[in-house]
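In the working numbering, the protein residues as written are -2 to 152.
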């Protein structure tokens, strides 16, 4: 069926549906040597959270950027630990964190890793918890190098 799945997650309720779809369902239906890469893309917008206060020095800006990067990394590590705890088989797969434009990053990673399926969660409501960045379908679909599977929202 599939040899190498790219599971895109950032811990939101919709992304967790994609995790369950891949790690509860597709993994057990696939071959025993199926590979799964679990990708967390951090939208590059966070880099602009530095403000424009001319009184702040470049060192202050760098320190704040490092703080934000560290906080994001801790949240992602916590999310990956949650995945490994809920789905013990996930421990044998590769986890990646990449900062960049979400649509382009997912497509580029799928191309580089030679994935044969990308799995994402359903559309997230505007008031939903977690990251607020959403995929822009008009931008994303033309970039897709392989089929895209979207987990059901069950709503």
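Even for Gly, the Cβ is constructed at its ideal location relative to N, Cα and C. Just so we're clear, the structure is a prediction, and the values are computed from it rather than from any experiment.
According to DSSP, simplified to helix, strand and coil, what is residue i?
{"i": "residue 37", "result": "strand"}
{"i": "residue 19", "result": "helix"}
{"i": "residue 116", "result": "strand"}
{"i": "residue 32", "result": "strand"}
CA-CA distance, residue i and residue j?
{"i": "residue 98", "j": "residue 85", "result": "30 Å"}
{"i": "residue 1", "j": "residue 16", "result": "15 Å"}
{"i": "residue 145", "j": "residue 83", "result": "24 Å"}
{"i": "residue 58", "j": "residue 64", "result": "10 Å"}
{"i": "residue 19", "j": "residue 61", "result": "36 Å"}
For the beta strand (DSSP E) that contains residue i, what are its first and last residues?
{"i": "residue 93", "result": "91 to 97"}
Return the Cβ separation of residue i and residue j in integer angstroms, given the expectation that the two are a contact with Cβ distance under 8 Å.
{"i": "residue 115", "j": "residue 132", "result": "No, residue 115 and residue 132 are not in contact; Cβ-Cβ is about 11 Å, not under 8 Å."}
From which residue to which residue does the alpha helix (DSSP H) around residue i run?
{"i": "residue 7", "result": "Segment: none, residue 7 is in no alpha helix (DSSP H) and carries neither H nor E."}
{"i": "residue 146", "result": "Run containing residue 146: none in the alpha helix (DSSP H); it sits in the beta strand (DSSP E), 145 to 147."}
(request) Could you tell me whether the segment 11 to 31 touches the segment 135 to 143, where touching means 3 or more Cβ pairs closer than 8 Å? (result) Contact fails: fewer than three Cβ-Cβ distances are below 8 Å.
(request) Taking 8 Å as the threshold, find out whether the segment 55 to 70 comes into contact with the segment 2 to 22 through three or more Cβ pairs. (result) Between the segment 55 to 70 and the segment 2 to 22 there are fewer than three inter-stretch CB-CB distances shorter than 8 Å, so the stretches are not counted as touching.
(request) Spell out a yes or no on whether the segment 26 to 45 and the segment 90 to 105 are touching, meaning 3 or more CB-CB pairs, one atom from each, closer than 8 Å. (result) Yes, the segment 26 to 45 touches the segment 90 to 105.
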